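In full-length UniProt numbering, the protein residues as written are 1 to 416.
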């Protein structure tokens with residue numbers, strides 16, 4: 001998630017321990033955001049009931065955490081590949097480790113408010129490899145990943161609306177081609193580490209891999225001496241909770257807890273992009289396209305979602321919450337700013353990146369959240385493979401970024 005590209009940058013300074021003071025809060029914008037959040041919450045409760053309203057509240061919390069911690073997925077891989085800065089990827093390992101610790105007892109004991117919880121476990125095949133790689137390319141061009149797209153939209157970054165439009169279009173295209181990628185090309189079995197090793201063994205192996213990745217990033221940093229990660233503006237003292245940026249490790253732990261809470265309340269881990277294909281398919285249906293005949297929409301759950309209100313769809317409701325949560329958080333921190341002018345090269349890159357991410361997410365059974373975060377937390381091997389292929393796609397994405405007016409971190413930068 002490269003949303004930090006559009007956040008005020010930290011000027012080089014001798015004291016790297018301080019960040020810029022947060023600007024005054026946008027009180028009017030915050031009030032409007034709170035009113036919108038409350039109104040939508042009432043509508044969600046009326047349509048989907050109390051549990052859906054709780055999930056909407058969790059979505060709001062996700063938006064607040066993602067914004068305040070500026071928790072990056074796109075930027076994490078870009079910084080690692082371009083200059084060897086692995087601090088953000090180490091935060092990923094903290095997030096994944098905490099999530100695994102929380103998921104294991106819930107999944108092992110079958111504990112959730114919606115019956116036996118369903119882990120995110122997906123097949124390993126050509127569609128996963130291609131989809132994750134394509135997603136990795138797309139997120140470097142689009143300027144954000146799935147979660148980053150939503151919280152960037154909420155914080156006023158209008159260029160990301162173009163990414164979101166492309167994301168929706170690519171998701172629908174992926175659903176249209178779903179049969180080819182899941183049946184006509186080689187597809188292997190879904191591999192669950194928990195089924196192979198038991199939850200205790202899967203947890204131990206997962207934590208070991210995370211520790212090795214953590215150590216590897218430190219070794220890379222020692223050899224390449226990367227620039228520091230820039231610090232967004234923040235308030236001082238307790239006001240930092242609602243008026244400024246949070247440490248990455250705080251965001252990592254909070255995201256893991258919220259994902260586990262999502263699993264406990266809904267019986268499924270956090271996901272984002274299934275809502276995008278739903279929104280796009282509903283738009284096509286509204287203009288007369290019979291998308292219900294597509295194989296993607298043939299399963300009972302998907303068919304029911306296609307014909308129901310989006311306010312009854314778990315993922316849609318949580319996505320709306322992320323946008324509004326980020327809106328309120330960015331307004332409170334004083335950094336909500338609408339970008340009225342978007343250079344055409346940037347717009348083209350955003351659109352193309354969104355299309356690639358949407359298409360890749362459908363092929364790979366999820367995005368950086370549904371496949372990578374929730375897949376690894378569910379002890380699915382496909383989550384780790386998704387991460388490796390996304391990093392491979394990052395190399396191609398970095399090579400293409402300059403053609404769309406986007407810059408990459410350099411070893412000589414003071415911050416990245």
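By construction, the Cβ of each residue, glycine as well, lies at the ideal position given by its N, Cα and C atoms.
Remember, it's a predicted structure, so these values are computed and weren't measured experimentally.
Between residue 19 and residue 232 the beta-carbon gap is near 7 Å, inside 8 Å, which marks them as a contact.
Rounded to whole angstroms, the gap between the alpha carbons of residue 237 and residue 403 is 42 Å. Here residue 31 is not near residue 159, since their CB atoms are 8 Å or more apart.
Per DSSP, reduced to three states, the secondary structure at residue 189 is strand. Within its own chain, the residues whose Cβ lies closer than 7 Å to the Cβ of residue 284, once the five positions on either side in sequence are excluded, are 172 and 291, listed in chain order. Residue 376 carries a helical assignment under DSSP once its states are collapsed to helix, strand and coil. Residues 275, 278 and 305 of the same chain have their beta carbon placed closer than 7 Å to that of residue 313, with the five preceding and five following residues left out of the count. Contact between the region 96-112 and the region 252-262 is present, with at least three C-beta pairs closer than 8 Å.
Residue 162: member of the alpha helix (DSSP H) spanning 159-176, first to last residue. Taking a C-beta distance under 8 Å as the contact criterion, residue 390 and residue 136 qualify as a contact pair. By the criterion of a C-beta distance shorter than 7 Å, residue 170 is surrounded in its chain by 354, 355, 356, 357, 358 and 359, once the five residues flanking it on both sides are discounted. As summarised for the region 321-391, the continuous alpha helix (DSSP H) elements at least 4 residues long and confined to that stretch are 344-363 and 374-377, given in chain order.
With fewer than 16 other beta carbons inside 10 angstroms of its own, residue 228 counts as exposed. Straight-line spacing of the CA atoms in residue 282 and residue 289 works out to 9 Å. If the five residues before and after residue 44 are omitted, its C-beta is found closer than 6 Å to the C-beta atoms of 52, 53, 56, 311 and 317, all from its own chain and listed in chain order. Between residue 79 and residue 87, the alpha-carbon positions lie close to 9 Å from each other.
Residue 50 sits exposed, since fewer than 16 C-beta atoms from the chains shown fall within 10 Å of its C-beta. Here residue 180 is exposed, its C-beta having fewer than 16 other C-beta atoms within 10 Å. Looking at the DSSP output, residue 228 shares a beta bridge with 415. Under DSSP, residue 78 forms no beta bridge with any residue.
A distance of 8 Å or more separates the beta carbons of residue 191 and residue 197. Burial check for residue 223: the Cβ neighbour count within 10 Å stays below 16, so the residue is exposed. For residue 125, the enclosing beta strand (DSSP E) has its first and last residue at 123-125.
In the three-state reduction of the DSSP assignment, residue 115 falls in the strand class, which pools E and B.
Residue 386 is classed as buried because its beta carbon has at least 16 other beta carbons within 10 Å across all chains shown. Put simply, the backbone Cα of residue 244 is about 28 Å away from that of residue 367. Around the Cβ of residue 183, a 10 Å sphere holds fewer than 16 other Cβ atoms; the residue is exposed. For residue 193, the CB contacts under 8 Å within the same chain, skipping 5 residues up- and downstream, are 201, 202, 205, 206, 379, 380 and 381 in chain order. For residue 67, the enclosing alpha helix (DSSP H) stretches over residues 50-69. Exclusion of the five residues before and after residue 295 leaves 178 and 179 as the residues of its chain whose Cβ lies within less than 7 Å of its Cβ. The region 62-76 makes contact with the region 315-329; the number of CB pairs closer than 8 Å reaches 3 or more. A direct Cα-to-Cα measurement between residue 240 and residue 340 gives close to 28 Å. Cβ contact annotation for residue 242 (same chain, cutoff 6 Å, sequence separation greater than five): 332, in chain order.
Beta-bridge pairing by DSSP links residue 21 to 234.
In the three-state scheme derived from DSSP, where H, G and I count as helix and E and B as strand, residue 290 is classed as coil. In the assembly as shown, residue 268 is a buried residue. Its beta-carbon has 16 or more other beta-carbons within 10 Å.
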